[in-house]
Structure formats: C-alpha cells, structure tokens
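Position in the sequence shown counted from 1, then plus 143, gives you my numbering.
Before any comments, here is the structure.
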Amino acid sequence: AFIFLFSIGGLTGLVLGALATDIHVHDTYFVVAHFHYVMFGGTGTIFFAALFYWFPKMFGRMYNIKLANYSVALFFIAFNTLYFPKFILGYMGMPRRYYDYLPQFAPLQLVSTIGSWLMLITIILIIYNLVHSLYKGKIASDNPWGGVTLEWHTSTPPPLENFAEVPVVTHEPYDFSQLKEMKHDS
144 AFIFLFSIGG LTGLVLGALA TDIHVHDTYF VVAHFHYVMF GGTGTIFFAA LFYWFPKMFG
204 RMYNIKLANY SVALFFIAFN TLYFPKFILG YMGMPRRYYD YLPQFAPLQL VSTIGSWLML
264 ITIILIIYNL VHSLYKGKIA SDNPWGGVTL EWHTSTPPPL ENFAEVPVVT HEPYDFSQLK
324 EMKHDS
C-alpha cells in the first residue's frame, strides 16, 4: 500500500513540477490530493505499519491480526476514495481554500466525503483493535514475526535494561536460512 500511494504522490509531483501543467492545476484540489498522497499516503501508512509491527514487542500482547488486515484493506480503499477524486476535481479547476464551490463539483465532493467517513471508521477500527489488545490480547511470543535480528531475541516486552548479559551472535542479521533452527530454540 505504501509504495502504491507514495508513487501516486511522487508521480503527481512531476505534473506539478512541469510549468505547462502547473499553470492549470496550481492552487486547485490537485495540489491538495498530491500533498495528502505524499504525506498521509506515505507517512500515514508507514506509521500504522510500524505500529502493527512493533506492538507485540512494545506491549507484550498480540492484536487481532484478522481485524488488522481488514482495517489495512479498508484504509487503502478509504484513502483512495477520499483523495483520488480530488485529483479529478483539481483537474476540472476546483480551487482550494474556498468555502463554496460550483454545483458541477458536488458529485465528486460527495464521493470524497464518503471516503472521509470510511477513513474515520478505519482509524476507529485500528485504535479499537490496539487498545482492546492491550487489555485482552493474547500474550505475544518473544519473536512473533520470526525475525532474525537481535531485538527479537530478547523477552517481550523487553526488560528495562535490555539483555541481562551480552548476547552471543551466531548469525548474520539477514540470514533467514537459520530461521527454522532459531525458532525452535526460542
């Protein structure tokens, strides 16, 4: 999802960087859509991905993975429903920073509004999943994702002083060939 959303943001930056097209879409909703695809489509998806990835290690609890997968798919749909119509609106000439707009822009604004409500539902689902898991989630194993780097070989959640003794590293950080043996040792 990150690569797709960030790529759209990056490619539309080329449109805004070219003088011939920037003259027509400057100060329209096209700029709004571009900004949100880069900033929220890029950093927002990475934030949620990192939160889901590190949650078991930080809190020692697993979240509902099925609900997390569902909410990520809904996030992708909601995000595109919210912001993609803004590209079209901007291309049609709808200016940004105006309180009112012409009636011809209403149908796509309605689609975008539906996307905003879907996004709100998605974020509520994510927050519910994580907060509920803090109190009622299953206890996470030390290495729930089968990672081979050092942080996954300490207890979950990690102790305040980290490792009680200096760990002996017997593999490379990205040597997944030993993953099966390491999972049996944990």
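All C-beta atoms in this analysis are idealised placements derived from N, C-alpha and C, irrespective of residue type, glycine included.
The structure displayed is predicted, hence computed values, not measured ones.
Where residue i falls: helix, strand or coil (DSSP)
i, result
"Thr-171", "strand"
"Pro-316", "coil"
"Pro-199", "helix"
"Pro-238", "strand"
"Asp-243", "coil"
"Pro-302", "coil"
"Val-274", "helix"
"Ala-211", "helix"
"Trp-295", "helix"
"Ala-216", "helix"
Closest by C-alpha distance to residue i, when choosing among the options
i, options, result
"Leu-148", "Gly-280, Gly-156, Gly-185, Ala-221", "Gly-185"
"Tyr-172", "Ser-298, Gly-258, Tyr-226", "Tyr-226"
"Val-311", "Ile-151, Tyr-244, Thr-297, Pro-302", "Thr-297"
"Gly-280", "Gly-203, Ser-259, Ala-221", "Gly-203"
"Tyr-317", "Gly-152, Thr-292, Asn-272", "Thr-292"
"Val-166", "Gly-233, Lys-200, Asn-207", "Sequence check: residue 166 is Ile here, not Val. Closest by alpha carbon: Gly-233."
"Phe-219", "Val-158, Val-168, Ser-259, Trp-288", "Ser-259"
"Asp-170", "Leu-277, Ser-150, Lys-229, Thr-224", "Lys-229"
"Trp-288", "Met-205, Met-182, Leu-251, Val-175", "Met-205"
"Lys-209", "Gln-252, Glu-315, Ser-320, Ser-276", "Ser-276"
"Val-274", "Val-181, Ser-255, Leu-194", "Leu-194"
"Gly-290", "Ser-150, Ala-163, Val-181, Trp-197", "Trp-197"
"Ile-282", "Leu-162, Asn-207, Thr-164", "Asn-207"
Same chain, Cβ closer than 8 Å to residue i, five either side skipped, listed in chain order
i, result
"Phe-145", "Gly-184, Gly-185, Thr-188, Ile-189, Ala-192"
"Pro-300", "Lys-200, Met-201, Phe-202, Gly-203"
"Asp-285", "Trp-295, His-296, Thr-297, Ser-298, Thr-299, Ser-329"
"Val-168", "Val-158, Leu-159, Val-174, Gly-233, Tyr-234"
"Phe-248", "Leu-232, Met-235, Met-237"
"Leu-319", "It should be pointed out that residue 319 corresponds to Phe in this sequence rather than to Leu. For Phe-319, where only same-chain residues beyond five positions count, the Cβ hits under 8 Å are Val-291."
Bridge partner(s) assigned by DSSP for residue i
i, result
"Ile-231", "Ile-231 is not bridged to any residue."
"Ile-189", "DSSP lists no partner for Ile-189."
"Ile-269", "The partner list for Ile-269 (beta bridge, DSSP) is empty, contrary to what the question assumes."
"Ile-282", "Arg-204"
6 Å Cβ shell around residue i - same chain, five flanking residues per side excluded
i, result
"Glu-294", "none"
"Ile-269", "Ser-214"
"Ile-313", "Contrary to the premise, residue 313 reads as Thr rather than Ile in this sequence. So the list is empty, once near-sequence residues are dropped."
"Met-325", "In this prediction, Met-325 has a pLDDT of 49, which is less than 50 and means its spatial position is unreliable; nothing more can be read from the coordinates."
Other residues of its chain near residue i: CB distance less than 7 Å, five sequence neighbours each side excluded
i, result
"Ile-257", "Thr-224"
"His-177", "Gly-152, Thr-155, Gly-156, Leu-159"
"His-179", "Tyr-226"
Beta carbon proximity, residue i to chain B, threshold 8 Å
i, result
"Met-262", "Note that chain B does not occur in the displayed structure, where there is just one protein chain."
Can at least three beta-carbon pairs, one atom from the region 230-237 and one from the region 299-317, be found at a separation below 8 Å?
-> Segments in contact, no.
Does the region 247-266 touch the region 213-222, meaning 3 or more C-beta pairs lie closer than 8 Å?
-> Because the criterion of three Cβ pairs below 8 Å is met, the region 213-222 and the region 247-266 touch.
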